[in-house]
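Heads up: the structure comes next, in structure tokens.
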Amino acid sequence: MATEQVLTVIENSAKTNVLDQQNGNNNNSGYVMIRKYLINSAVNFLQNSRLKLSTNDAKRTFLLDKGLTADEIDLAFELAIRKPMNDETILKELDIISNSNMSLIGRSFSMFYQFLLWTGFIYGSYTIYWEKIHPYLFETAKNDRPEEKIYEKIEELKTQITEMNTNLSIVHEFITTYCRLRDDSTMKMKTELSSIKALLVNRHQFPSVPTIPKWQLTNGNSNGE
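Note that the sequence shown covers residues 801 to 1025 in my numbering.
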């Protein structure tokens, strides 16, 4: 019963550590110590003389219910079938196993960290070269050629001259059209003025004053007398 109580306490501690890991409080060393004590308690549980009549399956089921993994249960059975050992000896063996596992995990994390570090360094160097160094070097090389600048200026001047010629052609066409319309209007006005002048000055254009015949004048005088 005491062993079961120890297992229950360790199980609750392990669950608390798992919750802390989910909340961002990652205490890996504390979690490893809890697992080691959990395995140690499982070994003591398996070496209990009162459980000799229980089957291994029942023991495995009980340990699984208490939070041990299948690998941890196999390790506990392996340690339990040896000659009886005290808690200190079991913990020493567990320290050796956990240290070897931790060293392997540590080397893996170290290699992964170095890989990320070198990848970031190479990518950063590549980005800096293409965005800063490469444009500066090649733009400087281009700017060191005066003939290219002269050629660019000549091309710009040609473009400006072409635009100026186009604008002059448009202005010339407008002036020509305006002058032609003005000449036509002037000629029309002159023609109309000449017609009016001819009408006003030329008396032959008007009918002559009618004259009374002499016989009408004679008859008129006779009638009056």
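Cβ atoms here follow ideal geometry from the backbone N, Cα and C, with glycine treated the same way.
- Residue state for residue 924 is assigned as helix, using DSSP reduced to three classes.
- Boundaries for residue 931: no alpha helix (DSSP H) harbours it, and the DSSP string shows neither H nor E there.
- Ranked by Cα distance from residue 862, the first of 909, 907, 915, 841 is 841.
- Looking at the backbone, the Cα of residue 860 and that of residue 834 are separated by about 19 Å.
- Here DSSP, grouped into helix, strand and coil, assigns residue 859 to helix.
- Of the residues assessed, residue 920 falls on the exposed side of the cut-off, its CB having fewer than 16 other CB atoms within 10 angstroms.
- DSSP, reduced to helix, strand and coil, places residue 949 within a helical segment of the structure shown.
- For residue 844 and residue 873, the gap between their C-alpha atoms comes out near 12 Å.
- With contacts defined by Cβ atoms closer than 8 Å, residue 853 and residue 880 do not form a contacting pair.
- In summary, residue 858 is exposed, with fewer than 16 beta-carbon neighbours lying within 10 Å of its beta-carbon over all protein chains present.
- In this structure, residue 864 and residue 839 do not form a Cβ contact; the two beta carbons are roughly 13 Å apart against a cut-off of 8 Å.
- Straight-line spacing of the CA atoms in residue 961 and residue 926 works out to 45 Å.
- Boundaries of the alpha helix (DSSP H) around residue 879: 870-880.
- Residue burial annotation: residue 837 is buried, with at least 16 other C-beta atoms found within 10 angstroms of its C-beta.
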